[in-house]
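> According to this note's numbering, the sequence shown is numbered sequentially starting from 87. C-beta atoms are modelled at their ideal positions from N, C-alpha and C, and glycine is treated no differently. Every value quoted in this text rests on a predicted model; they were computed, and no experiment measured them. Got a structure here, written out as structure tokens. Questions coming.
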Amino acid sequence: METRRIGKSDLYASILSMGAWAIGGGTWWGDNDDNISIKSIHKSLEYGVNWIDTAPVYGFGYSEEIVGKALKGRRDKAILSTKCGLQWYDEGGTKHFSKEGYNVYRDLSPKALRRDLEYSLKRLNTDYIDIYYTHWQSVEPSFTPIEESMNELMKMKKEGKIRAIGASNVSLDNLKEYVKYGQLDVIQEKYSMLDRRIENELLPFCENNGIILQAYSPIE
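Given below as structure tokens:
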């Protein structure tokens with residue numbers, strides 16, 4: 087399997103990645119067989135697809151738990167990415183959506199990012215995360231400047247708890263702020279043969295700034 091460097095970081099990951107949203111089950115995807123989910127991750131690694139992507143909100147923590155079980159004894163074989171900034175623990179931040187009886191808020195405050203990280207490390211049963219994305223960007227009325235978020239992410243990187251920083255669902259203005267305040271290595275955006283909007287502004291900016299793309303919903 088061909089690999090590529092993750093931005094300017096020291097990480098190299100397969101050009102294909104395995105998304106673990108569906109593994110979280112729930113009303114998004116219905117019931118799943120956890121054993122099949124775990125075997126799927128093992129088979130992915132076996133065939134050289136070592137980039138495994140998840141998020142806390144996928145199944146409200148359940149996807150991360152399953153990924154953590156799958157990577158037990160195999161952690162060094164995977165490039166693991168997860169996300170921060172969508173939380174359902176309290177009413178902090180700006181409401182994003184409701185699902186399965188939970189109200190989910192966008193919260194990229196330093197305190198929320200730190201809490202998200204510690205919860206994810208526990209669920210994933212690991213002491214570091216390779217790529218840490220901000221899942222959705224901060225908006226009013228509870229807005230956190232990217233400078234504050236990025237400062238906290240850079241602290242996490244210095245501590246060795248994350249190895250590369252990513253951002254998802256961004257605008258061009260967001261990207262400019264991220265690179266102003268730290269090292270952004272990757273974005274995750276919707277991109278397919280039918281949806282190529284990011285080619286207009288985001289991709290050219292990324293190419294000029296050493297940032298790579300991880301596409302989601304590539305066949306939608």
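At the level of alpha carbons, what is the spacing between Tyr-302 and Ile-109?
Straight-line Cα distance between these residues: approximately 15 angstroms.
> In whole angstroms, what is the alpha-carbon distance linking Trp-107 and Ala-141?
Those two C-alpha atoms are separated by around 7 angstroms.
> Is Glu-88 helix, strand or coil by DSSP?
Of the three classes helix, strand and coil, the one that applies to Glu-88 here is coil, per DSSP.
> In the segment 178 to 261, which residue ranges form an unbroken alpha helix (DSSP H) of at least 4 residues, counting only runs that do not cross its ends?
Segments of the alpha helix (DSSP H) lying fully in the segment 178 to 261: 196 to 210, 232 to 244.
> I think Met-87 touches Gly-134, with their Cβ atoms under 8 angstroms apart; what is that distance to the nearest whole Å?
Their Cβ separation, rounded to whole angstroms, is 3 angstroms, which keeps Met-87 and Gly-134 in contact under 8 angstroms.
> Between the Cα of Ile-305 and those of Cys-292, Lys-276, Leu-288, Pro-290, spot the shortest distance and give me the residue it belongs to.
Among Cys-292, Lys-276, Leu-288, Pro-290, the Cα nearest to that of Ile-305 is on Lys-276.
> Which word fits Leu-280, buried or exposed, when buried means at least 16 other C-beta atoms lie within 10 angstroms of its C-beta?
So Leu-280 ends up on the exposed side.
> What's the call for Trp-222, buried or exposed, on a 16-neighbour Cβ count within 10 Å?
Buried.
> Residues bridged to Thr-168 by DSSP?
In the DSSP output, where bridge partners are listed per residue, Thr-168 has Tyr-218.
> Could you work out which residue in Val-256, Asn-294, Lys-163, Gly-268 is closest to Glu-238 when comparing CA atoms only?
Glu-238 has its Cα closest to that of Gly-268, out of Val-256, Asn-294, Lys-163, Gly-268.
> Does Ile-101 come out as helix, strand or coil in the three-state DSSP assignment?
Here Ile-101 sits in coil by DSSP.
> Is it the case that the segment 151 to 158 contacts the segment 116 to 130, given that we only count it when at least three CB pairs across the two stretches are under 8 angstroms?
Yes, the segment 116 to 130 is in contact with the segment 151 to 158.
> Whose CA, out of Cys-292, Leu-157, Ser-195, lies closest to the CA of Gln-173?
Comparing Cα positions, the closest option is Ser-195.
> How would you label Val-190, buried or exposed, when you count the other beta carbons within 10 angstroms and need 16 or more for buried?
Answer is buried; the Cβ neighbour count reaches 16.
> Could you please give the first and the last residue of the uninterrupted alpha helix (DSSP H) stretch that includes Val-153?
Taken as a continuous stretch (DSSP letters only), the alpha helix (DSSP H) holding Val-153 covers 148 to 156.
> If you follow the alpha helix (DSSP H) that Glu-293 is part of, which residue opens it and which one closes it?
288 to 294 is the extent of the alpha helix (DSSP H) around Glu-293.
> Are there 16 or more other CB atoms within 10 angstroms of the CB of Ala-225, so buried, or fewer, so exposed?
Note that residue 225 is Val in the sequence shown, not Ala. It is exposed - the Cβ of Val-225 has fewer than 16 other Cβ atoms within 10 Å.
> Provide the residue(s) that pair with Lys-276 in DSSP beta bridges, ordered along the chain.
Bridge partners of Lys-276: Tyr-302.
> Is the Cβ-Cβ distance between Asn-136 and Ile-165 less than 9 angstroms?
Contact: yes.
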